[in-house]
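Its first residue numbered 545, the sequence shown is counted upward by one per residue in this note's numbering.
Reviewing the structure listed below.
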Amino acid sequence: MAKNLLIVESPAKAKTINKYLGKDFTVLASYGHVRDLVPKEGAVAPDREFAMNYAVIDKNERHVDAIAKAAAKADSLYLATDLDREGEAISWHISEILRERGLLEGKDVHRVVFSEITPRAIKDAVDNPRDLSLDLVNAQQARRALDYLVGFNLSPVLWRKVQRGLSAGRVQSPALRMIVEREEEIERFVPREYWSMDADVAHATQPFRARLLRLNGKKFEQFDLTNATDAHAAREALLKAANGTLVVADVQSKERKRRPAAPFTTSTLQQEAARKLGFTTSRTMRLAQQLYEGIAIGDEGVVGLITYMRTDSTSLSDDAIAELRDVIGRDYGNKALPETPNVYKTKSKNAQEAHEAVRPTSALRRPASVASALSDEQRKLYDLIWKRTVASQMQHATLNTVSVDLACGADSAFRASGTTVVDPGFLAVYEEGRDQKNAEDEDEGRKLPRMAVGDRVPLTDILAEQHFTEPPPRFSEASLVKALEEYGIGRPSTYASIIQTLLGREYVTLDARRFRPTDVGRAVSRFLSGHFAQYVDYEFTARLEDELDAVSRGEEDWVPLMQRFWSPFKALVDEKIETVDKSEASGSRQLGVDEATGKPISVRLGRFGPFVQIGTKEDEDKPKFASLRAGQSMHTITLPEALELFKLPRNLGQAPDGDDITVGIGRFGPFVKHGKIYASLKPEDDPYTVELPRALQLLQEKAEAAANRVISSFNDGAIQVLRGRYGPYITDGSKNARMPKDREPESLTEAECVELLAAAPDKPKRGGGRFGKKKADDAPKKTAAAKKETVKKAPAKKAAAKKTATKKTAAKKAAVKKAPAKKT
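Dropping the structure here:
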């Protein structure tokens, strides 16, 4: 066993680093987090200074045991988890586990960090270790405790007042609010009509088009012409005034500079990969992780291709800049190099400038030279990162914009603009993507013919075009990440998980790569905004993130921060559980009255989703119910649309045997029914329009599928051998038995089936069900047995550097163990 043990998070990283360090080191992976809060209420104790009850995560217990076994034989421990606060916390958890097991006595413990996985970076890190940053650990523990307390206290309120199985999270709830508010803004939007006016100019050298600039002596604004009558009248007047010719009244030429974008941070990488490559945030981070941890590149072996991908810094190291300038000079000439390196200032309040931007570990590894070693998606992302980084250190682009004003009679005018590239500079390598184009973008690349004041140019026609204003667009992943960053909600490393949580909980869906809230998502957001407004407030959430950042910098203690949050939050939770009315909380609303019965018609959110109801539970007759159709929303459905839903079930006619065939919608979707036989409609079938021939076809397909499923049948179908999803099996309806491996299913006798069923275990009882209780979003991961649980208080701020302190606690805190402050 090597005398040094180094711990990283992932096995891929461990494999790469092991090759760099040689026989004196054993490199093992923790496989991510090793401990988490125990998965039950009370894991964080506010009445005991927020002491936290940790246990080893079940799935990682064997990896922890392997680390412990290796640590027992090693002389020194090197903690080399990621360089962010989460990585710092993982290192702290590992050291705490080993300390509790008595495996660190007399051993040196070092914290090493590196932003790239290259031989030089790894060796430099090992040669220059530091202490564990307990400030970073405290900040991460505070964040984890906050998320736990919100999840385990707010989610039950949603279960009781809105719908079972819902959850709320400290950071994703404001993100959901953003999406919901945008949807409501779209629904409130009323389009406005307006007309544009363009001149088609037939210049002898090159025809072009010009926009109306001035009409009747006044600057032409968007809503000056709002109907066809006025627009066509203005067009006729302009044609008459021009009399077939426009006169050049003014020519302006202006040179401007466009500067390159900064190298990638986590956020800008996610945004640009979404815009240019169509990648989701989670896919981008997964691919970036692969490029960071290492790819086998020819004779070099496995090497990390990019620096650490969770960063909010735009800094580049001096060595990286020197190499970039060398590559730029070689590939694009010295003219493409600015006199001094470009310096970028990060927008993040808590950017750790010791970190670097996301960049290639070596600019000399051009995308073409490594493409054969990468998958298609890896290649695209590496190409994006390489080009963005190289462009960031190149000369600005020089553009020339020419604007020509063309008089139309005495008091009206048109304007044409064109922009050409004088010197491409960084544009020769990379141009940042844009969410929406503006007029300047449209002019770019258009070159106007040479003109001088007084020139007369022929007018071919004037085009009057009708337009309508459009609502603000729904958020894409790129624009949502940008908005979260601008508001200061969450941090770059959390954006992908925020989005995945919202999608996984089915609070939002992605429609044409844009977020659309579901009815459940809207109900959750409305409830939280109405009753817990402060905790989904953008400024409050951002301010709390800033306070957590202050903890990470050692400027604030974490316990007072927790107390300021917890006391009013818990009081509000207790109040709302007692006072909020469930029907108002679920977003139910009245649509009108059913003319046939005189009963009220309402729409509300139920256990299985939104539905329309005729009548109330107080009526003598039971209310009638109908589920909403796909694409309908309880927030926008109208009374006529609701009444249409009650046309089901429909009688389509009779089958050959004389029985009725009906169509309806059930718990699992639309179906056709013949006697006791049900057949689901296909996605392309509409239950409101499907006809008898199609229903018969679906029922026939169902019958054929059922017949093909039965291999053998005994005792009038009481025992059957069936084809199942995972292969043939035997069933009597109450028990299932596996097929013997050495037998063909067709060869089994009834007696053998009876014997196999007798030996089979009983079917497990169903528990919880599809809509049973779900974990809160921020509930801890499943942890190991209770005997391994440890009640932990996050490490004290500014713990002494070189002492191991085991401090006895007062009786009322008997179960709380203060984190040791030994130098690590």
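Positions of the beta carbon are idealized from the N, C-alpha and C atoms, including for glycine.
Assignment of beta-bridge partners to Glu799 by DSSP yields Asn944.
Between the stretch 1050-1070 and the stretch 853-872, the count of C-beta pairs closer than 8 Å stays below three; the two stretches do not touch. Setting aside the 5 residues that flank it on each side, Arg803 is surrounded in the same chain by His940, each with a C-beta closer than 6 Å to its C-beta; the list follows chain order.
For the set Tyr1082, Glu1162, Leu756 and Arg1173, the Cα lying nearest the Cα of Ser956 is the one of Leu756.
Ranking Ile611, Asp967, Ala595 and Val600 by CA distance to the CA of Trp1102 puts Ala595 first.
In terms of Cβ geometry, Ile1209 and Pro1227 do not form a close pair [threshold 8 Å]. Boundaries for His1218: no alpha helix (DSSP H) harbours it, while the beta strand (DSSP E) harbouring it runs Gly1213 to His1218, taken from the DSSP string.
For Glu593, there is no enclosing beta strand (DSSP E), as DSSP gives it neither H nor E.
Taking all protein chains shown into account, Tyr974 has 16 or more neighbouring C-beta atoms within 10 Å of its C-beta and is therefore buried. Distance from the CA of Leu1225 to the CA of Leu1242, rounded to the nearest whole angstrom, comes to 7 Å. Beta bridge pairing from DSSP links Ile1209 with Pro1214. A straight-line Cα-Cα distance of about 10 Å links Ala901 and Thr812. Residues Pro1016, Arg1018 and Phe1019 of the same chain have their beta carbon placed closer than 7 Å to that of Arg726, with the five preceding and five following residues left out of the count. Collapsing the DSSP output to three states places Asn787 in coil. In the three-state scheme derived from DSSP, where H, G and I count as helix and E and B as strand, Asp1306 is classed as coil. Residue environment: Ile1121 is assigned as exposed (fewer than 16 neighbouring CB atoms within 10 Å of its CB, all protein chains considered).
With fewer than 16 other Cβ atoms inside 10 Å of its own Cβ, Arg994 counts as exposed.
Its chain contains Glu799, Thr964 and Val966 as the residues whose beta carbon lies nearer than 6 Å to that of Asn944, once the 5 sequence neighbours on both sides are disregarded; these appear in chain order. C-alpha of Leu678 to C-alpha of Gln685: approximately 10 Å in a straight line. A residue is called buried once 16 or more other Cβ atoms fall within 10 Å of its Cβ, and Gly1175, having fewer, is exposed. Note that the C-beta distance between Ile1205 and Lys1246 is not below 8 Å.
Rounded to whole angstroms, Phe808 and Arg903 show a C-alpha spacing of 7 Å.
Annotation: Asp1118 to Gly713 spans about 18 Å, alpha carbon to alpha carbon. Contact check between the stretch 651-658 and the stretch 622-632: three or more CB pairs, one atom from each, fall below 8 Å, which counts as touching.
Put simply, of Pro1272, Ser574, Ala954 and Phe1258 the residue whose alpha carbon is nearest the alpha carbon of Ile641 is Ser574. Under the 10 Å beta carbon count, Arg1282 is surrounded by fewer than 16 other beta carbons and is classified as exposed.
Relative to the Cα of Val1025, the nearest Cα in the group Tyr1039, Leu1072, Pro1167 and Ala840 belongs to Tyr1039.
In chain order, Ala595 place their CB closer than 7 Å to the CB of Ala589, counting only its own chain and leaving out the 5 sequence neighbours on each side. If you draw a straight line from the Cα of Ala683 to the Cα of Lys1114, it is about 21 Å long.
Thr933 and Gly842 have their alpha carbons spaced roughly 24 Å apart. Between the stretch 1030-1049 and the stretch 772-782, the count of Cβ pairs shorter than 8 Å is below three; the stretches do not touch. Ranked by how close their Cα comes to the Cα of Ile850, the residues Ala832, Ala866, Leu1003 and Pro1104 have Ala832 in first place. In the DSSP assignment, Tyr1232 falls outside any alpha helix (DSSP H), carrying neither H nor E. When the alpha-carbon of Pro1193 is set against those of Ala785, Gly1213 and Gly1202, the nearest one is in Gly1213.
In the DSSP assignment, the residues bridged to Ile1145 are Gly1136 and Ile1158.
Residue state for Met938 is assigned as coil, using DSSP reduced to three classes.
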